[in-house]
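Residue numbers (the working numbering): 16 to 495.
Report on the following structure.
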DNA sequence: TGAAATGTTGGGGCG
DNA sequence: ACGCCCCAACATTTC
C-alpha cells in the first residue's frame, strides 16, 4: 500500500494553480489534504474576526471541492509544529507538501517542521505560488532588498518569469484510511451573539468558485476603466479580489496571466492591465519588505518614529472606528468596513490619514482595527500600507502629505453616491456641501433633514487646526 | 497614491 | 488710450 502525501493548506485554499498539490499527484501517492487552525504558535498574528468568518466559508468551499474530487479535507486544531508531525506519523505519510508562507513566524515554523519530519524520514517540501516573486529572488545591484517600489517593480518584472497557472486536478487519489478530522463547527470561526456577519454574507462569496466569478466579472467589466476609475469609491471599478487573494482562493499568477490574456491585442485594455499588475506587485513589495524587516507590523521602519508624540484618545478612536467622525468620506469608509469587511482602497488611505494625522493616534492602532475587521486582512499589505500613510515606512508618503477629507471626497466621490450609500442620514444634502456639511447653511441642512450634532456628528476635530498640529509634530521629528 | 500658500499672468472693469 | 485694481486661472513653492 502506497504511503500518502499530506498536502498542508494554509493561505492557499484552492485546487487550481497549486504546485504542492500538483507535485503530490505527480508522485502517484494518495493525498491527505489538511488544514490546521493554529491559534497557538507564539509570535503570530492570530486571524481577526472578519478573516475568521471568511476562513470558515472558504474551508467549507474547499472541503466541498475536495469531496467532488473524491477526496476529503482533514481539519485539525493546535500548534502546527506538533499537529503536523503527529498526523504524518499517524497516516504513515511519506511527505508533507505545502505552499511557502511569508509571515515572520512562518520561516521558523517551517524550519522546525523540516527537522522534525526529516527526523521521521518524512520529506517536507515547500512550493511557491502564494507570491509572484520569492522575496529573496528580487535583489538590488548590490544584492540587498529594495526599499522603494518603482525599482522593485522594474527589477522584478524584468528578471522573473511568472509560470503559467496549473489546472485544478479533477480527482485526487484517496488514502485507504482517512485520519480523524475535527468538524468545521468546532473551529468556532463564526460570530455567535451578536451575529454581525449579515453584511458580509450579502457582499461576498468566499471560496475558489466565488473568486473565479469575481475575476471574470472584473476582467469583463472593469479592467478597461481600471486605470482611470480605480480611485472612485462610487463606481464598481476595483477588482474586489483582495479577500480571495488573501486566502489564496486564487493565485496571483492566475490573476496576472488572466489579465494579460484578456488584454492581449487590445490597446484599450493596455493601461488598465498595467495598473492592475502594478497593484498586484504592491502586494509583492509588501511581502518583500516584510521578509527582510520582520518587525514591520509592529515597529516603524524609520526608527525616529519611535519617539513620535502619539495621542491616546479612546473616544476619538471609537468615533473613527464606528464612522462617527463628522467627516462624511471617513465615516462612509469606516461604515463600509464595519458592514462588509471591506473598504475601497482610496478611502482606506483617507481614513488612515485621518486617524494618524488628524487624530495623532498611532498607526498600529489603526492597523489592529483593520486586521480585525477586514476580510482581506493581510499582514504584509496592512503593515506596509499603514506605515506608508504614517510616513514611517520604507517608500513612505512624505510627512507633510495630509489628506483633506472634504477635498478627497469631492474629488473621488463627486456626485456623493458613496457617502449617500453609507451615511444615509446625509443623503438629501446637495452635492456641493455633502462632503462638508458643517459649511451648509441652516436652511439647506433643515431641508435635508440634517441636524449637526444630532442626526450626524459635528467634526470631532477641526481639520485645518489638526493639519497644522500634525505638520508641527512631524516636522519636529525631523529635527526641524 | 496632497494641500495650502504664494507667485505669476492676463483679461476685464473702471476712472 | 492708459494705468490701476481685482481676481480667476494656472504655476510654483512650501509644508
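Note that beta-carbon positions come from the ideal geometry of N, C-alpha and C, so glycine has one too.
If you check the CB distance, residue 89 and residue 196 come in under 8 Å. Residue environment for residue 265: buried (at least 16 other C-beta atoms within 10 angstroms of its C-beta). In this structure, the alpha-carbon of residue 41 lies about 22 Å from that of residue 263. Checking the DSSP bridge columns, you'll see residue 139 partnered with 111.
Taken in chain order, the complete alpha helix (DSSP H) segments of 4 residues or longer contained in the stretch 129-207 are 164-174. Where residue 51 is concerned, the enclosing beta strand (DSSP E) starts and stops at 46-52.
Just so you know, the alpha carbons of residue 254 and residue 202 end up roughly 30 Å apart. Per DSSP, residue 24 is one residue of the beta strand (DSSP E) stretching across 20-24. Residue 134 counts as exposed, since fewer than 16 other beta carbons sit within 10 angstroms of its beta carbon.
Between residue 418 and residue 364 the beta-carbon gap is near 7 Å, inside 8 Å, which marks them as a contact. Between residue 286 and residue 460, the alpha-carbon positions lie close to 42 Å from each other. For the stretch 249-299, the full-length alpha helix (DSSP H) segments reaching 4 residues or more read 257-261, 267-278 along the chain. Distance from residue 328 to residue 374 at the Cβ level is roughly 6 Å; contact confirmed, criterion being Cβ atoms closer than 8 Å. Residue 352 and residue 107 have their alpha carbons spaced roughly 45 Å apart. Closest by C-alpha distance to residue 60, out of 398, 237, 277, is 398. In this structure the stretch 240-252 does not lie against the stretch 222-231, because fewer than three pairs of beta carbons, one per stretch, are closer than 8 Å.
Only residues of its own chain outside the window of five on either side were considered, and among them 392 have a CB closer than 6 Å to the CB of residue 66, listed in chain order.
For residue 67, the enclosing alpha helix (DSSP H) stretches over residues 64-83.
Straight across, the Cα-Cα distance linking residue 306 with residue 462 is about 55 Å. In this structure, residue 56 lies near residue 124, with their beta-carbon atoms less than 8 Å apart. Rounded to whole angstroms, residue 172 and residue 159 show a C-alpha spacing of 17 Å. Within its own chain, the residues whose Cβ lies closer than 6 Å to the Cβ of residue 473, once the five positions on either side in sequence are excluded, are 341, 467, listed in chain order.
As DSSP reads the structure, residue 467 sits in a beta bridge with 471.
For the set 420, 422, 445, the Cα lying nearest the Cα of residue 432 is the one of 445. With fewer than 16 neighbouring CB atoms inside 10 Å of its own CB, residue 337 falls in the exposed class. Excluding five sequence positions before and after residue 449, the CB atoms of its chain that fall closer than 7 Å to its own CB belong to 343, 431, 434, 441, given in chain order.
Judged by their CB atoms, residue 30 and residue 73 are not nearer to each other than the 8 Å cut-off. Membership of residue 492 in the alpha helix (DSSP H) is indicated by the continuous run 478-492. With a threshold of 16 other beta carbon atoms within 10 Å, residue 301 meets it and is buried.
Taking 8 Å as the upper bound for CB-CB distance, residue 230 and residue 295 are not in contact here, some 12 Å apart. In the three-state reduction of the DSSP assignment, residue 444 falls in the coil class, being assigned neither a helical nor a strand state. In the DSSP assignment, residue 365 falls within the alpha helix (DSSP H) that extends over 360-368. Annotated three-state conformation of residue 91 is strand, per DSSP.
Non-local beta-carbon contacts of residue 114 in its own chain, meaning distances under 6 Å to residues more than five positions away in sequence, involve 27, 35, 142, 144, 145 in chain order. Cβ atoms of residue 268 and residue 180 come within 8 Å of each other, at about 5 Å. Straight-line spacing of the CA atoms in residue 118 and residue 454 works out to 46 Å.
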